[in-house]
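There are 2 protein chains.
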Amino acid sequence: MTPMKEDYIKIIFELGGTERKISNKEIALGLDVAAGSVTEMITKLVEEKLVIHEPYAGITLTQLGHQLAIELVRKHRLWETFLVDDLKYEVADVHSEAEVLEHQTSDKLADALYDFLGKPKFCPHGGVIPDENGDYPESSNIVLADIEDGQEITITRIIDNHDLLTYLHNLGVSANTKVIVLRHEPFEGPVIVKRLADETEISISFKAAHNIFVQ
Amino acid sequence: MTPMKEDYIKIIFELGGTERKISNKEIALGLDVAAGSVTEMITKLVEEKLVIHEPYAGITLTQLGHQLAIELVRKHRLWETFLVDDLKYEVADVHSEAEVLEHQTSDKLADALYDFLGKPKFCPHGGVIPDENGDYPESSNIVLADIEDGQEITITRIIDNHDLLTYLHNLGVSANTKVIVLRHEPFEGPVIVKRLADETEISISFKAAHNIFVQ
DNA sequence: AATTATTTTTAGGTAGTCCTAACTTAAATA
DNA sequence: TATTTAAGTTAGGACTACCTAAAAATAATT
Ligand SMILES: [Mn+2]
Ligand SMILES: [Mn+2]
Ligand SMILES: [Mn+2]
Ligand SMILES: [Mn+2]
């Protein structure tokens with residue numbers, strides 16, 4: 023196993039590769055590599071029984087691949103939690119550090135971190151952290167953009183992207199923020215919400231509202 | 023820069039490559055690679071102005087190489103400190119984790135760790151941790167084996183080797199332990215010391231006594 | 001249905017790090 | 001000094017993960 027192979031497995035998982043076929047192109051875009059490189063790597067991952075590949079149709083994770091992905095996501099999110107909770111990082115800055123540390127994290131180290139952090143359930147942007155056994159509850163995949171006007175909801179998770187997190191940080195929006203959806207402006211305009219804590223109205227771009235998960 | 027290049031620089035430093043010429047063989051033994059691989063890598067490090075190589079004579083670090091080595095040692099020892107102080111690792115078990123984490127540690131992360139740990143001066147086996155500027159005090163290089171009988175000394179540092187640290191842990195000897203040297207047995211026999219804390223006599227092998235630094 | 005566009009695969013190369021085996025240089029011994 | 005042994009370098013090759021460009025397959029459009 024190598025860091026790059028692990029990142030391939032992880033992105034297939036994050037793109038939904040346990041339930042649907044992921045295309046070569048999605049992986050190439052996600053990892054910023056050439057399509058030919060994806061085909062080549064997928065061939066190796068097939069040999070290692072981590073993915074199933076139907077040529078020209080798509081790629082899915084095997085049980086083994088799924089398990090590996092869960093372990094990686096766990097390590098990634100444990101590091102993010104440590105960086106924010108203990109090292110005073112900004113939420114927007116932790117992803118890139120975690121992206122490399124995750125590959126150098128033994129199971130023993132992950133478990134020790136998990137205990138040290140107090141067995142956290144969520145990473146700083148709301149992602150679920152699997153437990154020692156890789157078990158994790160399903161998290162909401164309802165997106166802010168799809169909530170009807172007037173509904174009161176809690177933001178549970180934000181897609182882990184630096185620019186997005188910085189944008190939302192500046193708006194004062196993060197995981198656990200409670201808001202009422204006031205209206206959706208037309209032509210892919212922003213979603214206007216009111217933060218319950220201080221009654222402030224906030225305008226969240228159409229694109230951002232598709233990357234914010236709510237309950 | 024790659025992890026392997028960094029490990030080459032680090033071992034040259036640890037072997038004393040700022041003051042004397044290090045041989046190809048020492049590096050090959052230290053990193054467990056073939057002599058030919060060392061020559062090849064050294065050629066690249068010369069191009070990058072990290073080392074100076076006199077063919078058949080030896081290898082030394084440049085100023086730049088020295089600086090890089092210090093940064094690596096600092097990151098390595100900060101991780102070791104974190105693992106022991108916060109994650110409850112055994113001293114003997116931290117080296118291998120630190121050996122890989124050090125290469126994935128940004129300067130920002132190192133500084134954040136340093137602050138979190140309370141600006142520690144020593145790693146768990148007594149190595150000096152350079153500060154934010156790479157400054158560090160000279161540490162003793164007097165070895166237990168060379169202390170005369172009757173002298174009272176403090177163990178300051180132990181060479182970072184798993185087997186050695188385990189051996190000494192079982193004997194109840196670690197950095198900061200104070201002892202009186204009682205005698206040196208002949209024919210490369212053990213050094214017999216008395217631990218001041220509990221008046222226990224301890225027999226430390228000839229080889230181990232050459233890997234324990236004292237003040 | 002034919003054409004065009006997109007996606008995927010295949011083929012051929014590069015760069016980094018390692019290896020073994022052969023050769024060269026230096027050091028030790030006789 | 002001659003010979004042997006040890007250490008270091010060079011040569012040739014393997015393996016991984018990437019690339020670009022060409023070819024093949026599939027999907028979309030006219
Ligand atoms: Mn992340
Ligand atoms: Mn990663
Ligand atoms: Mn160490
Ligand atoms: Mn290392």
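Keeping their order, the protein sequence lines are chains Y and A. 23 is the number of the first residue of the first sequence in our numbering; add one for each residue after it. 23 is the number of the first residue of the second sequence in our numbering; add one for each residue after it. Note that the Cβ used here is the ideal one computed from N, Cα and C, for glycine as well. None of these values were measured; they are calculated from a predicted model.
Please list the residues of the stretch 132-156 of chain Y that have a C-beta atom closer than 9 Å to any C-beta atom in chain A, keeping them in chain order.
Answer set for the stretch 132-156 of chain Y: 134, 135, 137 and 138.
Taking residue 117 of chain Y as part of the alpha helix (DSSP H), name the residues at either end of that continuous run.
Taking the first sequence and counting its residues from 1, the one referred to as residue 117 of chain Y is at position 95. Where residue 117 of chain Y is concerned, the enclosing alpha helix (DSSP H) stretches over 116-123.
What do you get for residue 39 of chain Y, buried or exposed, if any count of 16 or more other CB atoms within 10 angstroms of its CB means buried?
For this step, residue 39 of chain Y is matched to residue 17 along the first sequence. Answer is buried; the Cβ neighbour count reaches 16.
Using three-state DSSP, classify residue 209 of chain A as helix, strand or coil.
Taking the second sequence and counting its residues from 1, the one referred to as residue 209 of chain A is at position 187. Secondary structure of residue 209 of chain A (DSSP, three-state): coil.
Residues, ordered as in the chain, of the stretch 111-122 of chain A that lie near chain Y by beta-carbon distance below 9 Å
Against chain Y - using a Cβ distance shorter than 9 Å - the residues of the stretch 111-122 of chain A are 111, 115, 118, 119 and 122.
In chain Y, which residues lie less than 8 Å from residue 108 of chain A when you measure between Cβ atoms?
Within the second sequence, residue 108 of chain A is the residue found at index 86, counting from 1. Going along chain Y in sequence order, the residues near residue 108 of chain A (Cβ under 8 Å) are 138.
With H, G and I counted as helix, E and B as strand and the rest as coil, what does DSSP make of residue 31 of chain Y?
Reading the first sequence from its first residue, position 9 is the one you call residue 31 of chain Y. Here residue 31 of chain Y sits in helix by DSSP.
Between residue 120 of chain A and ligand 3, is the CB less than 6 Å from at least one heavy atom?
Numbered from its first residue, the second sequence carries residue 120 of chain A at position 98. Residue 120 of chain A Cβ: within cutoff of ligand 3.
Can you list, in chain order, the residues of its chain whose CB lies under 8 Å from that of residue 116 of chain A, leaving out five sequence neighbours each side?
In the second sequence, the residue the question calls residue 116 of chain A occupies position 94. Cβ neighbours of residue 116 of chain A beyond the five flanking positions: 101, 102, 105, 106 and 146.
Between residue 124 of chain A and ligand 4, is there a pair consisting of the residue's CB and a ligand heavy atom that are separated by less than 6 Å?
As a working mapping, residue 124 of chain A is identified with position 102 in the second sequence. Yes - ligand 4 has a heavy atom lying nearer than 6 Å to the Cβ of residue 124 of chain A.
Please write down, chain order preserved, every residue whose beta carbon lies under 5 Å from a heavy atom of ligand 1.
Around ligand 1, the residues whose beta-carbon falls short of 5 Å from at least one of its heavy atoms are Y:117 and Y:182, given in chain order.
Indicate whether at least one CB of chain Y lies closer than 7 Å to the CB of residue 85 of chain A.
Residue mapping note: residue 85 of chain A aligns to position 63 of the second sequence, counting from 1. Taking Cβ atoms only, chain Y never reaches closer than 7 Å to residue 85 of chain A, which makes this a no.
Pull up the distance between the alpha-carbon of residue 65 of chain Y and that of residue 34 of chain Y, whole angstroms please.
Your numbering for residue 65 of chain Y matches position 43 in the first sequence. Your numbering for residue 34 of chain Y matches position 12 in the first sequence. Their Cα atoms are separated by approximately 14 Å.
Cβ of residue 54 of chain Y versus every heavy atom of ligand 2: is any distance shorter than 6 Å?
By 1-based counting over the first sequence, the position of residue 54 of chain Y is 32. No.
State the start and end residues of the unbroken beta strand (DSSP E) segment that holds residue 104 of chain Y.
Counting from 1 along the first sequence, the entry for residue 104 of chain Y is found at position 82. Element bounds for residue 104 of chain Y: not the beta strand (DSSP E) but the alpha helix (DSSP H), 85-107.
When you compare each of A:138, A:69, A:168 and A:97 to residue 237 of chain A by their alpha carbons, which one comes out closest?
The count along the second sequence starts at 1 and reaches residue 237 of chain A at position 215. Nearest option by C-alpha distance: A:168.
I'd like to know whether the C-beta of residue 237 of chain Y is nearer than 7 Å to at least one C-beta of chain A.
Sequence index remark: in the first sequence, residue 237 of chain Y carries index 215 (1-based). Cβ-Cβ to chain A under 7 Å: no for residue 237 of chain Y.
Determine, for residue 173 of chain Y, whether the minimum Cβ-Cβ distance to residues of chain A falls below 7 Å.
Within the first sequence, numbered from 1, the residue matching residue 173 of chain Y stands at position 151. Not one chain A Cβ lies under 7 Å of residue 173 of chain Y.
Can residue 29 of chain A be considered in contact with ligand 4, in the sense that its beta carbon sits closer than 6 Å to one or more heavy atoms?
For this step, residue 29 of chain A is matched to residue 7 along the second sequence. Under cutoff, so the answer is yes.
Any beta carbon from chain Y within less than 7 Å of residue 8 of chain A's own beta carbon?
Nothing can be reported for residue 8 of chain A: it is not among the residues displayed for chain A, which extend from 23 to 237.
May I ask you to list the residues that DSSP assigns as paired with residue 150 of chain A?
Position 128 of the second sequence, counting from 1, holds the residue named residue 150 of chain A. Beta-bridge pairing links residue 150 of chain A to A:144.
What are the start and end residues of the alpha helix (DSSP H) that includes residue 70 of chain Y?
Position 48 of the first sequence, counted from the first residue, corresponds to residue 70 of chain Y. Here residue 70 of chain Y belongs to no alpha helix (DSSP H), and DSSP marks it neither H nor E.
Starting from residue 48 of chain A and walking both ways along the beta strand (DSSP E), at which residues does that stretch end?
Indexing the second sequence from 1 puts residue 48 of chain A at position 26. Going by DSSP, residue 48 of chain A is part of no beta strand (DSSP E) but of the alpha helix (DSSP H) stretching over 46-53.
Mind checking which residues open and close the alpha helix (DSSP H) that includes residue 176 of chain Y?
Within the first sequence, residue 176 of chain Y is the residue found at index 154, counting from 1. Looking at the DSSP string, residue 176 of chain Y is not in any alpha helix (DSSP H); the run it does join, the beta strand (DSSP E), is 174-180.
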